[in-house]
Amino acid sequence: MATELLLLSLQEILFIAISGTLICIAVHFVPVGGAPAAMAQATGIGTGTVELAAGSGLVGLLTASYMYSSVPDAPMALVLAAGAIGSMTMMAVTMFFGGLVYAYGVGVPFASAQVKKDPITGARQDIYMSKGTQGQGLPMVCYVSGLIGGALGGIGGAMIYFALESIYKPLIGESAPAVAGIFTMGVFYVNAVIASYGVGGTIEGFHDPKFRRVLPKDTLTAFIVSLLCGVVAVLIAWGMV
Amino acid sequence: MSDIKEIPASTLAAFGIIGGLVGIYLSPYFPAAGALGAICAVIWASEAVRRVSKYGLGTGVPSIGQIAMGMGIVASMFGLAIMHTIPLAGPIVALLTASVIGLIIGWFAQNVIKMKIPVMIRCMTEIAAAGSLIIVGFSAAVAGGFEFKQLLHSVFDNGIMLIAFWVGAVAILHPFNAVLGPDEKQKRLLYLAGSTGAITMAILGIAAMMTLGNSGIITLLLGVILWLIFYKLFWDEVYKDAAAVVGTGLIPRTEA
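Residue numbers (the numbering used here), protein chains in the order written: chain G, 361 to 601; chain W, 357 to 612.
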C-alpha cells in the first residue's frame, strides 16, 4: 500500500521537492539586512531572512489557496500565478514602506555596498555610502531582486499547496485545505531557515557575490530535504484512508 | 561560568522524552496531561536551542524555533497517520521520524552548508524531536487524544493547529532569545522555558474549552497556575543574578 501510494504520487513528491528548492532560491533573492539594516547600517530590509520569506510566502499561500478554492478545477498555472502575485505584492509593499522609512525617517541615501554601480540604473553607489556602514536602504537592484524572490517564493508555496491538496482532497474532503496549508507552512519554514543559514543572515540580492557562492550548496540541501518532506507528506495520506 | 553546576543535556533530553511521551499517552484520560508533557519537551528544546545558538547562527535565534516546528509538524503527523491502525505506536514513530529529519538537516547544515557548529547535528536532532512532542502534546490536549482522525477534526479543521505551531515555536525560541548575553545561566533559561510552555498551555486551554468543554478549563487553570509559579521562579532568579542597579544621574554637560 505504501509503495503503491508513493509510486502513484511520484509527480507530487517531485513538485514538493522542486517547490522547496524554489523557496530556498527565493530567499537568496530577498534583500535582507538583519539587525544592522534595522539601524540603516547595511543594505536591505531590517529584519531576519525567515521573517521576510515567511511573510511574503504566507501571503502567497493565501492568494493561491483562495484561487484554488474559488475557481472550479483551477489549473496549476493559475494557482501558481496567484501565489506569485500575492508574494510579490507583499514583498513590494514591505520594501516600499521600508524605503520610505529609510529615506524620510532615517534620512539615508540608498546605496549598495557590494557593487560599484547599480546593475540596473547604472548609478554610482560607493560615493553615497556612509563611512563604517555596509550600505543603506534599498537601491533599485535590491528592489527588483526582492520582487523576483517574492515571485519564486510564492510559486514554491503555491506548488506545495497544490500538490498536497490534490492528494488529500479525495481522502479527507473538507479538511484537506487546512492540512495542506499547514504542511505547506512546515515545508516553507524548513526551506526558508536552510537558506538563511546558508547566507548567514544577510544578503543584498542577486548582485551580491555571496549569491553565487552559497546558492549551489543551499539548493542541493533544500532539494534533498524537501524531497524527504514530500515523501513524508504523501505517506500521511495513507493514514487518511 | 565553569563554577556553576549545570544540568547535563542528556538528563534534560531524558526528561523531555519521557515526560513528553507519558503526558501524551495519558491525554485520552486526562487531556491536560498532553500539555504538561509538551511543557517537558519545551524545557528540553529550549536547552538544545541554547546550546546551538551559543555559537551564533547568524540569523537570530527565532529561525531555529521555526525550523523545529516546521520539521515537527510534518514528522509528527506522519507518525500519527501512518500508525493509524496501531495508534499507541503513533507518538513514538512521530518522535523517531522527527529525529531522522532533524539528523539529516543537521548533517547538511554541518557538512554541506558548512556552518561549523560542532553541536549542530545533535542539537538539530533534539530540537526536531522535541518539536514533534510539542506539536503532538499540545494538540492532544486540545483534541483529548492523539489519534490522527481525532486531531484532524478538532485541531486542523478549526485552525487550532496554527496556534500550537506558532505559540509552540515562540515557547522554544523565546527563552534563549530573552536571556542570551554574557551572564546567561541555564537555570534562568529553564525557568523561563517552563513559563513560556505554561502560557502556551493556558492559551491552548482556551482552545480546549471550545473542543472539549469542561476539561479545557482544567488545562487553562493548570496552565495559568504553572505560569505564575515558573514566572515567579524566573523573576527570583533574575533578581539573584542581576548586579546592583545604581542611579548615576545624567551624563554631565561638559561641552555646554
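Ideal placement from N, C-alpha and C gives every residue a C-beta, glycine not left out. These numbers come from a predicted model, not from an experiment.
### Assigned exposure category for R609/W - 16 Cβ within 10 Å defines buried
Position 253 of the second sequence, counted from the start, is the residue given in the question as residue 609/W. Classification for R609/W: exposed.
### Task
Show which residues of chain G have a CB atom less than 7 Å away from the CB atom of A404/W.
Here residue 404/W is taken as the residue at index 48 of the second sequence, counted from 1. What A404/W touches in chain G: nothing, since even the nearest Cβ is about 15 Å away.
### Query
What are the residues of the stretch 546-565 of chain W that lie near chain G, defined by any Cβ-Cβ distance shorter than 7 Å?
none
### Query
Between which two residues does the alpha helix (DSSP H) containing L422/G stretch?
Position 62 of the first sequence holds residue 422/G. Where L422/G is concerned, the enclosing alpha helix (DSSP H) starts and stops at T409 to S430.
### Task
Would you list, in chain order, the members of the stretch 368-382 of chain W that have their beta-carbon closer than 9 Å to a beta-carbon of chain G?
none
### Task
Report all residues from its chain with a CB closer than 7 Å to the CB of F568/W; omit the five preceding and five following residues, and keep chain order.
Within the second sequence, numbered from 1, the residue matching residue 568/W stands at position 212. Looking at the sequence shown, residue 568/W is not Phe but Leu. Here the set comprises P387 and G500.
### Interface partners of H440/W on chain G, CB under 7 Å
Numbered from 1 along the second sequence, position 84 holds the residue referred to as residue 440/W. Those within 7 Å of H440/W in chain G are G599.
### Query
Can you list the beta strand (DSSP E) stretches of 3 or more residues lying completely in the stretch 492-580 of chain G, in chain order?
none
### Residues bridged to K410/W [DSSP beta-bridge criterion]
As a working mapping, residue 410/W is identified with position 54 in the second sequence. BP columns for K410/W are empty, so no partner.
### Task
In angstroms with no decimal places, state the Cα-to-Cα distance between Y528/G and E534/G.
In the first sequence, the residue the question calls residue 528/G occupies position 168. In the first sequence, the residue the question calls residue 534/G occupies position 174. In a straight line, the C-alpha of Y528/G is about 10 Å away from that of E534/G.
#### Entry: Cβ contact check for the stretch 508-528 of chain W and the stretch 444-454 of chain W: 3 or more pairs under 8 Å
no
### Message
For chain B, check one thing: does any of its Cβ atoms lie closer than 9 Å to the Cβ of K491/G?
### Response
Chain labels in this structure do not include chain B; the protein chains are G and W.
### Task
Please go through the same chain and pick out, in chain order, the residues whose beta-carbon is closer than 8 Å to the beta-carbon of K476/G, but skip the five residues on each side of it.
Along the first sequence, one-based indexing puts residue 476/G at 116. Within the same chain, K476/G has close Cβ partners R484, Q485 and D486.
### Query
For A563/W, which residues of its own chain have a beta-carbon under 7 Å away from its beta-carbon, when the five flanking residues on both sides are left out?
For the purposes of this step, residue 563/W is identified with residue 207 of the second sequence, where counting begins at 1. Answer for A563/W: V498, I516 and I519, listed in chain order.
### Query
Can you tell which of L531/G, V501/G, V592/G and L507/G has the C-alpha that lies nearest to the C-alpha of A413/G?
Residue numbering aside, residue 413/G sits at position 53 when the first sequence is read from its first letter. With distances taken between Cα atoms, A413/G lies closest to L507/G.
### Query
Since G420/G and G517/G are thought to touch, with beta carbons under 8 Å apart, how far apart are those beta carbons, to the nearest angstrom?
The count along the first sequence starts at 1 and reaches residue 420/G at position 60. The count along the first sequence starts at 1 and reaches residue 517/G at position 157. At roughly 5 Å, the Cβ-Cβ gap stays under 8 Å, so G420/G and G517/G are in contact.
### Query
Is the CB of T453/W under 9 Å away from at least one CB in chain G?
Counting from one through the second sequence, the residue named residue 453/W turns up at place 97. True, the Cβ-Cβ gap to chain G drops below 9 Å.
### Query
Taking Cβ-Cβ distances below 8 Å as the criterion, which residues of the stretch 470-490 of chain G are in contact with chain W?
none
### Task
List the endpoints of the continuous alpha helix (DSSP H) containing E482/W.
For the purposes of this step, residue 482/W is taken as residue 126 along the second sequence, with counting starting at 1. Segment M476 to A499, the alpha helix (DSSP H) holding E482/W.
### Query
Any idea what DSSP makes of I585/W, helix, strand or coil?
Taking the second sequence and counting its residues from 1, one reaches residue 585/W at position 229. Residue state, collapsed to three classes: helix.
### Query
Using a Cβ-Cβ cut-off of 7 Å (strictly less than) and excluding sequence neighbours within five positions of T381/G, which residues of its own chain qualify?
Translated into positions along the first sequence, residue 381/G becomes position 21. Closer than 7 Å at Cβ, skipping near neighbours: T579, A582, F583 and S586.
### Message
Quick check: the Cα distance between S409/W and V553/G, rounded to an integer number of angstroms?
### Response
On the second sequence, residue 409/W is found 53 positions in, with the first residue counted as 1. On the first sequence, residue 553/G is found 193 positions in, with the first residue counted as 1. Rounded to whole angstroms, S409/W to V553/G spans 14 Å at the Cα level.
### Query
How big is the Cα-Cα spacing for A511/G and V453/G?
Counting from 1 along the first sequence, the entry for residue 511/G is found at position 151. Counting from 1 along the first sequence, the entry for residue 453/G is found at position 93. In a straight line, the C-alpha of A511/G is about 14 Å away from that of V453/G.
### Query
Beta-carbon of G493/W versus every beta-carbon of chain G: anything under 9 Å?
As a first step, residue 493/W must be located in the second sequence, where it is residue number 137. With 9 Å as the cut-off, G493/W does not count as an interface residue toward chain G.
### Message
Taking 8 Å as the limit between beta carbons, can you name the residues of its chain near S526/G, skipping five residues before and five after?
### Response
Locating residue 526/G in the first sequence gives position 166, counting from the first residue. Result list for S526/G: E372, in chain order.
### Task
Just the C-alpha distance for A549/W and D433/G, rounded to the nearest angstrom, thanks.
Translated into the one-based positions of the second sequence, residue 549/W becomes position 193. Translated into the one-based positions of the first sequence, residue 433/G becomes position 73. For A549/W and D433/G, the distance between alpha carbons rounds to 47 Å.
### Query
Does the pairing of the stretch 463-470 of chain W with the stretch 521-529 of chain W give three or more beta-carbon distances under 8 Å?
no
#### Entry: Beta-carbon proximity of V592/G to A431/W, cut-off 9 Å
Numbered from its first residue, the first sequence carries residue 592/G at position 232. Numbered from its first residue, the second sequence carries residue 431/W at position 75. For V592/G and A431/W, yes; Cβs fall inside 9 Å.
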